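*Asks:* Have a look at this one.
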Amino acid sequence: MTSKENKKTKFSLKTLIKMMKGYKRYLLISAISLILAALIWFAIPYVSSIAVDYVIGENEEVLPSIVKSIIESIGGREFLLSHFYLLPLCLVLFTLLNGLFVFLRGRNIAIAAEGMAKNMRDALYEHLLLVPYDYHKHISTGDIIQRCTSDVDTVRRFILNQLLEVLRPITMVIITGYIMFSYNVKMAVISIALLPILTISSYFYFKYVRKYFAYSDEAEGKLSAVLQENLTGVRVVRAFAQQKNELKKFTEANKDYKDKTYKLIKMLAFYWGSSDVLGYTQILLTLVFGVYFAVTSDFTVGGIMLFTSYTAALTWPVRQLGRVLADMGKATVSLSRLDDIFNHPTEVEPGKALKPEIRGNIEFKDVCFAYDDGENVLENISFSAKQGQTIAILGSTGSGKTSLVHLLQRLYPVTRGTITIDGENINDIEMHHLRKNIGIVLQEPFLFSRTIMENIRITNPDAPEEAVYEAAKIASVHDVICEFEKGYDTLVGERGVTLSGGQKQRIAIARMLLQNAPILILDDSLSAVDTETDLAIREALNKRKGSATTFIISHRITTLCNADKILVLEDGKLVQQGTHEELIKQEGLYKRIAQIQDMLETELMEGSEE
Ligand code: UTP
Ligand code: MG
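So this is what it looks like as structure tokens:
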């Protein structure tokens, strides 16, 4: 094991302990029950051997002094012989008690395992909601889903079936060791001769097999990722007739998973097989030497019964130790995969976490920004927006428009420069407060598989229905929704496939309006609606918007031309800024685009007139 792996295992233990919160009591009861059940289990062969050697065989030497004094206090051998039913009764009682403790063990560990798995899923989900936005862009959803389900389940199963199982062989070794050695040292040594080999081999096996569990898990993660991506991108796959290629990718990932799991199972099967042989050889040794000593010396028949039962009883838990360790390997891998998520830091407040009243005066000062360690996608951006102004952003694709507005929401930290709102650096404004005060319609709006009403209300769950209708009217989508059979209660399909692109955009606009934020951002949000609706929405927005500062990103000059300020971006640089009237007079990108769009429009008009 490398030191890195060691570190991971250590962390995993910490996670496991954290997850025990509220369930330590159940684990303790389960552990005590397990030990008691193991103790009682050992009494059963012991009572049988007393019955054979002492009561029937009249051999007093086999009795330890404590047992002897107990028997004598109730009337000695004669009493037991005349009340022989007491022995089977004793066995029945022990069996019942054993059953009770096995039940208690199972019940309590099940409560603990399920509870801890729940704790783990809750903690994971909470953490995933708190990690930076950037994290989600870099991970595969399928992989995360696999970690939150399959890996949590591996840990759950480990807690349920294995966690306490380490106690069983330890208890057993102590008790049997004591009884066997006090009974007959020579036979005791023979009876446990092969067990250290079994334990050591299981330990090394565990160390060896651990990485194969990880391979299998990773392959499963990749398989889920391919599946998830294909199901999400089903329209792309169909549209480009890529079924064959995608099927090939899936088949490869599937085969890889099968191969790796098969290899693992083959190794497990080899282990079980060979350790079986070793276990049975141990029992055979005990039996053969027991019979030999019984014939050649004073070893008793009850002794043979006792030693073979104990050896058999001991062999399986010791071998089981191998399984526990192996499963521990698998659980440790799963835990460290969960730790990968937990160890990713959550979003932090870099500044004072203030909660000022936000009015909407915004200033960008020499802002530079780069994703990760890449090249700058925004360079020395400086502009200001006054409360209530409309700021339009124009620029070719990839010029940094979306990045610019994402910076305002502090989804990413700026690399250089400052952004202030009402004079306060956004780094000093508490994250949730900042985001609550900025309404945004994302470039690719996402609708949840919930009703339209719920989708709109996401930004303001307590908003009255009238407010929702009002917002939908401004977004020109109210009438469309009313035409649906179930109106606002219509369920939006997975990712809103039942709605058109324009309808989705307008629902997202309604959602933003319901938030009543002093800063609004529309990231290319009118691209999928026709020019007339675009105009209607903007007019309605203007009427309603009051004092909100609004950013509109668009490629359409008609959408932008009424803005108080237009920012023109080119390759991350702010090349022009001003009103339509100012910019149209300057030589530059704005004028060129305006001319092209104007020309196209004229051609279209002429075409339709002809
Ligand atoms: P933007 O996403 O800001 O461009 O990406 P844009 O102006 O809004 O483009 P359109 O009009 O919506 O298409 C700016 C640059 O940042 C990179 C992109 O590759 C692009 O070159 N980028 C974007 C990243 O490196 N990582 C991201 O997560 C997003
Ligand atoms: Mg964009």
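Residue numbering for the sequence shown follows the working numbering, starting at 583 and increasing by one per position. For every residue, glycine included, the Cβ atom is placed at its ideal position computed from N, Cα and C. Treat the numbers as computed from the prediction; the structure is a model and nothing was measured.
1. My output table needs one value for Ala1053: the three-state DSSP class, helix, strand or coil.
2. Verify whether the separation of the beta carbon atoms of Tyr765 and Gly885 is less than 8 Å.
3. Pick out whichever of Leu986, Ser916, Glu1012 and Val959 has its Cα sitting closest to the Cα of Lys937.
4. Using a Cβ distance threshold of 8 Å, determine whether the stretch 964–983 contacts the stretch 1135–1149, with at least three qualifying pairs required.
5. Would Ala1193 be called buried (16 or more neighbouring beta carbons within 10 Å of its own) or exposed?
6. Measure the C-alpha to C-alpha separation of Lys1173 and Phe965 and round it to an integer number of angstroms.
7. In chain order, what residues of the same chain lie with their CB nearer than 7 Å to the CB of Ala770, ignoring the 5 residues before and after it?
8. Go ahead and pull the three-state DSSP assignment for Leu1108.
9. Given that a residue counts as buried once 16 or more other Cβ atoms are within 10 Å of its Cβ, and exposed if not, what is Pro899?
10. Give the single residue among Asp735, Ala694, Gly697 and Val755 whose Cα lies nearest to the Cα of Phe624.
11. Is Val900 close to the ligand UTP? I mean its beta-carbon at under 7 Å from any heavy atom of the ligand.
12. Suppose only complete runs of 3+ residues qualify. What are the beta strand (DSSP E) ranges in the stretch 931–1018, listed by chain order?
13. Which residue marks the beginning of the alpha helix (DSSP H) containing Phe852, and which one marks its end?
14. Looking at the strands, I want to know which residues DSSP matches up with Ile1089.
15. Around the Cβ of His1060, are there at least 16 other Cβ atoms within 10 angstroms (buried) or fewer (exposed)?
16. Assuming Gly803 and Asp725 make a contact with CB atoms under 8 Å, what is their CB distance in whole Å?
17. Between the C-alpha atoms of Met702 and Tyr760, what's the straight-line distance to the nearest angstrom?
18. Do Gly1083 and the ligand UTP come close, with the Cβ less than 7 Å from some heavy atom?
19. When you measure from the CB of Lys983 to every non-hydrogen atom of the ligand MG, does any distance come out below 7 Å?
20. Quick check: the Cα distance between Lys589 and Leu907, rounded to an integer number of angstroms?
21. Using 7 Å as the cut-off, classify the Cβ of Asp1153 as near or not near the heavy atoms of the ligand MG, replying yes or no.
22. Look at the alpha carbon of Tyr715 and the alpha carbon of Ile721, and state the distance between them as a whole number of angstroms.
23. With a CB to CB cut of under 7 Å and the five nearest residues on each side skipped, what residues in its chain are close to Thr736?
24. Mind checking whether the beta-carbon of Gln991 lies closer than 7 Å to any heavy atom of the ligand MG?
25. What separation, rounded to the nearest whole angstrom, lies between the Cα atoms of Glu654 and Leu669?
26. Could you tell me the alpha carbon to alpha carbon distance between Ala1176 and Ile940, rounded to whole angstroms?
27. So what does Val818 bridge to, in DSSP terms?
28. Does the Cβ of Asp1105 lie closer than 7 Å to at least one heavy atom of the ligand MG?
29. Per DSSP, which one or two residues make a beta bridge with Lys1155?
30. What's the gap between the Cα of Leu746 and the Cα of Tyr853?
31. Report back the beta-carbon spacing between Glu1152 and Gly977 to the nearest angstrom; my notes put them in contact at under 8 Å.
32. Rank Tyr628, Ala694, Ser647 and Tyr717 by C-alpha distance to the C-alpha of Leu610 and give the top, closest one.
33. Is Lys590 helix, strand or coil by DSSP?
34. Assuming Asn1019 and Ile1101 make a contact with CB atoms under 8 Å, what is their CB distance in whole Å?
35. With contact counted as at least three CB pairs below 8 Å, one residue from each stretch, are the stretch 665–685 and the stretch 610–620 in contact?
*Replies:* Let me spell this out:
1. helix
2. yes
3. Glu1012
4. yes
5. Only positions 583 to 1192 of the chain appear in this structure, which leaves residue 1193 out of reach.
6. 20 Å
7. Met762 and Phe763
8. coil
9. buried
10. Val755
11. no
12. 944–952, 958–967, 972–977 and 998–1003
13. Gln825 to Thr878
14. In DSSP, Ile1089 forms no bridge with anything.
15. buried
16. 5 Å
17. 41 Å
18. no
19. yes
20. Since pLDDT at Lys589 reaches only 43, below the 50 mark, its modelled position is unreliable, and the value read off the structure follows with that caveat. Approximately 18 Å, taken between the alpha carbons.
21. no
22. 11 Å
23. Lys912, Ala913 and Ser916
24. no
25. 15 Å
26. 34 Å
27. According to DSSP, which records beta bridges pairwise, Val818 is partnered with nothing at all.
28. yes
29. Glu961 and Glu1152
30. 22 Å
31. 6 Å
32. Ala694
33. Reliability of the predicted coordinates at Lys590 is poor, the pLDDT of 45 falling under 50, and the value obtained from them is presented with this limitation in mind. Correct three-state label for Lys590: helix.
34. 6 Å
35. yes
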